[in-house]
Structure formats: C-alpha cells, structure tokens
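Asker: Input: one structure, supplied below.
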Amino acid sequence: MDRKLIFFVDFDGTISSEDICYTMVKTYARDGWEELNELWEKGVLSTVGVAQKTLELMDIELNELEKFFNTLNIDPTFPPFVKWANINNFPIYILSDGYDNYIKLILNKNKLNIPYYANHLYEDNGLKIKAPYLNKECEQCGVCKTNLIKKHLHSGFTSVYIGDGYSDRCAIKNCDYVFAKKSLVDYCENNGIEYYSYKSFDDIIFKLKQLNLS
45 MDRKLIFFVD FDGTISSEDI CYTMVKTYAR DGWEELNELW EKGVLSTVGV AQKTLELMDI
105 ELNELEKFFN TLNIDPTFPP FVKWANINNF PIYILSDGYD NYIKLILNKN KLNIPYYANH
165 LYEDNGLKIK APYLNKECEQ CGVCKTNLIK KHLHSGFTSV YIGDGYSDRC AIKNCDYVFA
225 KKSLVDYCEN NGIEYYSYKS FDDIIFKLKQ LNLS
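Right under this line is the structure:
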C-alpha cells in the first residue's frame, strides 16, 4: 500500500561522500582535536563545546575553507533519490549537526533545492560556531534533530530517517523507519532499535518498495 513518506536525512557521510567536518578538522586543525572528538563521542562535550575548542586549533580563514568545501562531492545516488522523492511528492529535510556553509555550497553545485538545518561558521577574531537550532534544555547537539522532526512531521505521514552517526541517535527514536550505516548500525543493534542497513540511496528506494511503502 502506498503511503505518504517524509524523509529526514543527515548530511555528513550520508549525503556527502565523506564526513566533511571530520575531514576539515583532520586537514586543518593542530594536535589535540582527536582527544576533543573522543570526548564529544562519549557525551562529555557538546557539539558547540567541542566545535569551538576545535576551531581554535585551526589557523585558516573562512574563504580558504570554502575553497576546500567546493572540492567535496555527494553520493552520486542522492540526486536520483531526490528526483524520485519529488515525483512522489515525498518531502525531504536535511538535518545536520555540521555547517550550513558547505551544505548550501554543495547543494547549489549539484542543483538541489532542499530545505536544510545546520550550524553556521563565521569569523570573529578566528572561526566561531553559531547554533540557531540548539535545544537549550539539552545542548548536547548544536542542531536538535528531534525538535525539527517534531516540527515538520504532520499527521498522515510515515517518517523515514537516514543517517550514519552520533548526532542521529536521538532523531531515530522519533521516526517510523530507520536506515543506518557505519556507527549508527552499532548503536541501533546495541539499543534494540529496528533499522535497515544501506550503502546507497538506491538501496533505500529498493527496500521501501519491497516493504510496500512506495
């Protein structure tokens, strides 16, 4: 039976071919960023906390970073997925705990018009993070994906979450179907959360058809 689907999709390592934040930090940050990242993954530091400390380890201007962002690519199966969703009138929202600076650039480069929510990089005596979608009651992630899902999920829609990592953990608990890869698979298995594994967006379309959801 056909249903009205709505998709909530992570960006880094999900839509993008690689984790852009990780690659950016690995490329430009001085020593110390790995220890900060471990504290973030353990929940000791929030996204905003670890991001600001990590940005202080980076001696690069934003315009130079944008040149780096422009060299990065997306999963080649994502544009056909977007076309398929549009034909079927299935909304897509990008929910990212990364930065809108590169999301906007990469979407424009690929001629994709999709609403997105993310943190923002700006300069003020060095690089700084702005987190307009922070949940002040929690503050663990810069972008509260749970709040955004609740904002956009309307009655009659079946929700599908697509992700790969740490910042997706709360979000998946608020969706009907979960597609996971990388560390998100481990989290789902360790916490008894039903999920479907995927390698590409083609896999997701195939599975949704197999489940009679589209």
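Per our numbering, the very first residue in the sequence shown carries number 45; after that it's consecutive. Idealized CB from N, CA, C, for every residue including glycine.
DSSP three-state call for Ser261: helix, strand or coil?
Answerer: Nothing about residue 261 can be reported from this structure: the residues present for the chain run from 45 to 258 only.
Asker: Relative to the ligand PLP, is the shortest distance from any of its heavy atoms to the C-beta of Ser61 smaller than 8 Å?
Answerer: Inclusion of the ligand PLP in the displayed structure is not the case, the ligand content being empty and no account of it being possible.
Asker: Taking the beta strand (DSSP E) that Thr67 belongs to, which residues open and close that run?
Answerer: In the sequence shown, counting from the first residue as 1, residue 67 sits at position 23. From DSSP, Thr67 is part of no beta strand (DSSP E) but of the alpha helix (DSSP H) over 64-72.
Asker: Use the C-beta contact count for Ser211: other C-beta atoms within 10 angstroms, 16 or more gives buried, fewer gives exposed.
Answerer: Counting from 1 along the sequence shown, the entry for residue 211 is found at position 167. So Ser211 counts as buried.
Asker: Inspect the CB distances between the segment 56-74 and the segment 89-102 and report whether three or more fall short of 8 Å.
Answerer: Yes, since at least three Cβ pairs between the segment 56-74 and the segment 89-102 fall closer than 8 Å, the two stretches touch.
Asker: In the DSSP assignment, find the unbroken beta strand (DSSP E) run with Ala162 in it and report its ends.
Answerer: Along the sequence shown, read from residue 1 onward, the residue named residue 162 stands at position 118. Start and end: 160-167.
Asker: Quick one: Cα of Asp247 to Cα of Thr71, how far?
Answerer: Translated into positions along the sequence shown, residue 247 becomes position 203. Translated into positions along the sequence shown, residue 71 becomes position 27. Cα to Cα, the separation comes out at about 31 Å.
Asker: Between Phe113 and Ile249, is the Cβ-Cβ spacing less than 9 Å?
Answerer: Against the sequence shown, residue 113 aligns to sequence position 69. Against the sequence shown, residue 249 aligns to sequence position 205. Not in contact: Phe113 and Ile249 (Cβ atoms no closer than 9 Å).
Asker: When DSSP labels each residue in this structure, what does Ser199 get in the three-state scheme?
Answerer: For this step, residue 199 is matched to residue 155 along the sequence shown. Correct three-state label for Ser199: coil.
Asker: Starting from Tyr146, trace the beta strand (DSSP E) both ways and give me its first and last residue.
Answerer: Translated into the one-based positions of the sequence shown, residue 146 becomes position 102. Premise fails: Tyr146 lies in the alpha helix (DSSP H), 144-153, not in any beta strand (DSSP E).
Asker: Using the beta-carbon count (16 or more within 10 Å), is Gln254 buried or exposed?
Answerer: Position 210 of the sequence shown holds residue 254. So Gln254 ends up on the exposed side.
Asker: Along the chain, where does the beta strand (DSSP E) that runs through Phe51 open and close?
Answerer: Indexing the sequence shown from 1 puts residue 51 at position 7. Run containing Phe51: 48-53, per the beta strand (DSSP E) assignment.
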